[in-house]
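Chemist: I have a structure I would like to understand better, so I am pasting it below and will then ask my questions one at a time.
There are 2 protein chains.
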Amino acid sequence: MFDSHDPRQNRLLAALPADEYEYLSPYFELVLMPRGEILYESSCPLQHVYFPTTAILSLLYVMEDGASTEIAGIGNEGMLGVAVIMGGNTMPNRAMVLCPGSAYRLKSRLLMNEFNRAGGRCTGALQQVLLRYTQALIMQMSQTAACNRHHSMEQQLCRWLLTCLDRSPSNELSLTQEMIASVLGVRREGITEVAGKLQHAGLIHYRRGHITVLDRAGLEKRACECYQTVKTEFDRLLPDVTATDAVETPRIRISNARLVGREAPQTHGHIAPAY
Amino acid sequence: MFDSHDPRQNRLLAALPADEYEYLSPYFELVLMPRGEILYESSCPLQHVYFPTTAILSLLYVMEDGASTEIAGIGNEGMLGVAVIMGGNTMPNRAMVLCPGSAYRLKSRLLMNEFNRAGGRCTGALQQVLLRYTQALIMQMSQTAACNRHHSMEQQLCRWLLTCLDRSPSNELSLTQEMIASVLGVRREGITEVAGKLQHAGLIHYRRGHITVLDRAGLEKRACECYQTVKTEFDRLLPDVTATDAVETPRIRISNARLVGREAPQTHGHIAPAY
DNA sequence: ATCTATATGTACGCTTCCGCACATAGTCCC
DNA sequence: GGGACTATGTGCGGAAGCGTACATATAGAT
């Protein structure tokens, strides 16, 4: 667990030129994230932004009655907290840890300052990378909206599993059907049924809280067009950021980031359960 | 038709400080937009950005089979083409004129240059306003995704009519049921039925291509929470931009913008029909 | 005034997904 | 190894919305 932790495992950070990265690097804090943890709650000020390395996060829109839908997923290709650079310091979504793992976080203000000094010391690469990522996020969200409307649960589940797989180091995802349901905004029973079908067809195997993808190509065949569309567009917007294959040999430089426990935003009280 | 055209009828432009506005102002072109016109097509380079004054635009996600869904609506509170400032010069959506009217457009490159010279001559107000607007857009999109998933057609239609109303100078909207259906991503027949119900209840009145809202409060009662949520958040993000009441007395300054016909991106060929 | 393209009205069977009410089976804790 | 909690399996009635196939009405053109 203590080997090879490096902020550069996050691909946005890896895309920064050395000088810009060096400037931020002392301020990163490693955070270990258990499944289901809530990182942000609707309309709470964003203290930190998060750069996942092995964790997978989910941005959820939560309705008044507790029903939810995933707006976007965030893995090591992205960042949680773009609202910070957009100038609104809160956002109306919940952010939850979908698959356990680690991430690096940075105080919002630090990122903001660095973001705003465009053209100063540096090339403004940070600005460029983050704005491009924001557009990729927008694209992902708009696709989600359309997919929600037009595609069947099976198509959506396949698409969604694939995007998770792309963000995961292995082909096993640590996920419960309940979480998948809350993220897709459907009934848990529906997921049970569709997942059963996929397992029967030999595409996946699952056991209590874990899903293993056995036949990726098969999933792609059953997924809707949305998967490829988003992937293609993502690659176009962030070409240097999306090496689809394994993390490139990190120039290991023992990070001077501090390891912290976890920021614990209250999850109790009037707030609806995570899923 | 020739009275009182002013770019400042767009609220984003109205929010700019005088010096920044003056700098851009010679470059605005007035564009008159007929209903149904396509301004952008998926993945075409964005030559211009548009600041609607009386027109209402719609960002649509169009699937391979031609089915579509509105991702976001854009009226005089916003701008079409945020992708330009995000650094991707295309976007995967279609942009269509929903309600006829006018808008001012600006060459993408001009906006980009101005956007990127942050902290230079000016306060960077343009940057701030546009980034904030982008976040508002993101919020609107995420809400759309969730609403698509969880709310009934009637709720959605009410919500949607209200947002159109907020962007419209009068309480009559120039809209066909077919357009509404394509925008909400549902069957036209479904709209006919629900609209009939609303008309029967005395909330709206419609005739071939026109809808008049008779009882706004009634619509709000039938709309889902999404309407208020988005409105509130929008006001929070762009307080100086959202005067909900009529356009504030414009310091009329005969715009030195040129009046142009309409940019005509090809709508023929392999491209699916607008709706 | 007539014609035509377009907009709207209506009906019917069907699929998908929801809501509910359970039964069963893993995992973890003591 | 017993108990409790959580995850998963299953079934059934019902609602919402789709696809299809038409019928009718209206605006605008000639």
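First to last, the protein sequences are chains A and B.
Residue numbers for the first sequence follow this note's numbering, so the first one is 10 and each next one is one higher.
Residue numbers for the second sequence follow this note's numbering, so the first one is 10 and each next one is one higher.
Virtual Cβ for every residue (Gly too), placed ideally from N, Cα, C.
Treat the numbers as computed from the prediction; the structure is a model and nothing was measured.
1. Does DSSP put T62(A) in a helix, in a strand, or in coil?
2. Where does R260(B) fall in DSSP's three states?
3. The beta strand (DSSP E) that contains M162(B), what's its start and end?
4. Do the CB positions of N98(A) and A104(A) come within less than 8 Å of each other?
5. Is G75(A) helix, strand or coil when you go by DSSP?
6. How about G97(A): is its C-beta nearer than 8 Å to some C-beta of chain B?
7. G227(B) touches chain A at which residues, Cβ-Cβ below 8 Å?
8. What does DSSP give as the partner residues of M42(B) in its beta bridges?
9. Can you tell which of P54(A), S52(A), G82(A), M72(A) has the C-alpha that lies nearest to the C-alpha of F60(A)?
10. Excluding the five sequence neighbours on either side, which residues of its own chain have a C-beta within less than 7 Å of the C-beta of A239(A), listed in chain order?
11. Excluding the 5 residues preceding and the 5 following R271(B) in the sequence, name in chain order all residues of the same chain whose CB lies nearer than 8 Å to its CB.
12. Expressed to the nearest angstrom, what Euclidean distance is found between the alpha-carbon atoms of I94(B) and I213(B)?
13. Which runs of the beta strand (DSSP E) at least 3 residues long sit entirely within the segment 190-227 of chain A? Give them in chain order.
14. Between L66(A) and the ligand ADP, is the CB less than 7 Å from at least one heavy atom?
15. Go to Y49(A), then tell me how far its beta strand (DSSP E) extends in each direction, as first and last residue.
16. Looking at the unbroken alpha helix (DSSP H) that takes in Q144(A), where does it start and where does it end?
17. Name the chain A residues whose beta carbon is nearer than 7 Å to that of N157(B)?
18. Between E50(B) and V71(B), what straight-line distance do the alpha-carbon atoms span, to the nearest angstrom?
19. Are the CB atoms of V222(B) and L174(B) within a distance shorter than 8 Å?
20. Who are the Cβ neighbours of R197(A) in its own chain at under 7 Å, not counting the five residues just before and after it?
21. Applying the 10 Å Cβ sphere with the 16-neighbour rule, what's the burial state of E31(A)?
22. Do you know whose CA, among A210(A), H159(A), V106(A), lies nearest C233(A)'s CA?
23. List, in chain order, every chain A residue whose beta-carbon is nearer than 8 Å to that of Y70(B).
24. Considering Cα atoms alone, identify which of L247(A), E163(A), A76(A) is closest to V203(A).
25. Establish whether the CB of L21(A) and some CB of chain B are separated by less than 8 Å.
26. Return yes when the Cβ of F37(B) is within less than 8 Å of the Cβ of L115(B), no when it is not.
27. How about Y59(B): is its C-beta nearer than 8 Å to some C-beta of chain A?
28. Going along chain A, which residues have a C-beta under 9 Å from N180(B)?
29. At the level of alpha carbons, what is the spacing between R217(B) and S183(B)?
30. Given that T78(A) touches chain B, what residues does it touch there, using C-beta distances under 8 Å?
31. Any residues in the segment 96-116 of chain A with a beta carbon nearer than 9 Å to a beta carbon of chain B? Which ones, in chain order?
32. Using a Cβ-Cβ distance under 8 Å, would L246(A) count as near chain B?
33. Following the continuous alpha helix (DSSP H) through D249(B), name the residue where it begins and the one where it ends.
34. Measure the C-alpha to C-alpha separation of P35(B) and L89(B) and round it to an integer number of angstroms.
35. Express the C-alpha separation of G110(B) and E181(A) in angstroms, rounding to a whole number.
36. In chain order, what residues of the same chain have a beta carbon less than 8 Å from the beta carbon of G128(A), not counting five sequence neighbours either side?
Modeler: So, from the data block:
1. Note: T62(A) maps to coil in three-state DSSP.
2. Any reading at R260(B) is ruled out, since the residue's pLDDT is 40, under 50, leaving its predicted position unreliable.
3. First-last for M162(B): 162-175, but that is the alpha helix (DSSP H), not the beta strand (DSSP E).
4. With contacts defined as CB atoms closer than 8 Å, N98(A) and A104(A) fail to qualify as a contacting pair.
5. Coil.
6. Contacts with chain B at 8 Å (Cβ-Cβ) include G97(A).
7. None at all; the shortest Cβ gap to chain A is about 20 Å.
8. In the DSSP output, where bridge partners are listed per residue, M42(B) has G110(B).
9. It is G82(A) whose Cα lies nearest to the Cα of F60(A).
10. Residue identity check: residue 239(A) is Val in the sequence provided, not Ala. The residues M148, Q149, Q152, in chain order, have a CB closer than 7 Å to that of V239(A) in the same chain once the five nearest residues on each side in sequence are set aside.
11. Since pLDDT at R271(B) reaches only 41, below the 50 mark, its modelled position is unreliable, and the value read off the structure follows with that caveat. Cβ within range, chain order: V40, L41, M42, P43, E46.
12. Between I94(B) and I213(B), the C-alpha separation is close to 39 Å.
13. Runs of the beta strand (DSSP E) inside the segment 190-227 of chain A: 213-216, 219-222.
14. In terms of ligand content, the structure shown is empty, and the ligand ADP therefore cannot be addressed.
15. Counting along the chain, Y49(A) sits inside the beta strand (DSSP E) bounded by residues 47-49.
16. That run of the alpha helix (DSSP H) goes 134-159.
17. Listed along chain A are A154, N157, R158, each with a C-beta nearer than 7 Å to that of N157(B).
18. When rounded, the distance between both Cα atoms is 10 Å.
19. Yes.
20. For R197(A), the CB contacts under 7 Å within the same chain, skipping 5 residues up- and downstream, are Q186, E187, A190 in chain order.
21. Here E31(A) is exposed: its Cβ has fewer than 16 other Cβ atoms, across all protein chains shown, within 10 Å.
22. It is H159(A) whose Cα lies nearest to the Cα of C233(A).
23. The answer, in chain order, is S151, Q152, A154, A155.
24. Residue E163(A) is the option with its Cα nearest to V203(A).
25. It does not: the Cβ of L21(A) has no partner Cβ on chain B nearer than 8 Å.
26. Less than 8 Å separates the beta-carbon of L115(B) from that of F37(B).
27. Output row for Y59(B): interface = no.
28. Within 9 Å of the CB of N180(B), no CB atom of chain A is found; the nearest one sits about 28 Å away.
29. Using only the alpha carbons, I get a separation of about 9 Å.
30. What T78(A) touches in chain B: A154, A155, R158, H159.
31. For the segment 96-116 of chain A, which is checked against every Cβ of chain B, the residues closer than 9 Å are G96, G97, T99, M100, P101, N102.
32. Interface with chain B (8 Å Cβ-Cβ cutoff): L246(A) is included.
33. No alpha helix (DSSP H) contains D249(B), which DSSP labels as neither H nor E.
34. One C-alpha to the other measures close to 19 Å.
35. Each residue's alpha carbon lies about 53 Å from the other.
36. Its pLDDT being 49, under 50, G128(A) is placed unreliably by the model, and the measurement read from it follows with that caveat. Closer than 8 Å at the Cβ level, and outside the excluded window around G128(A), lies no residue.
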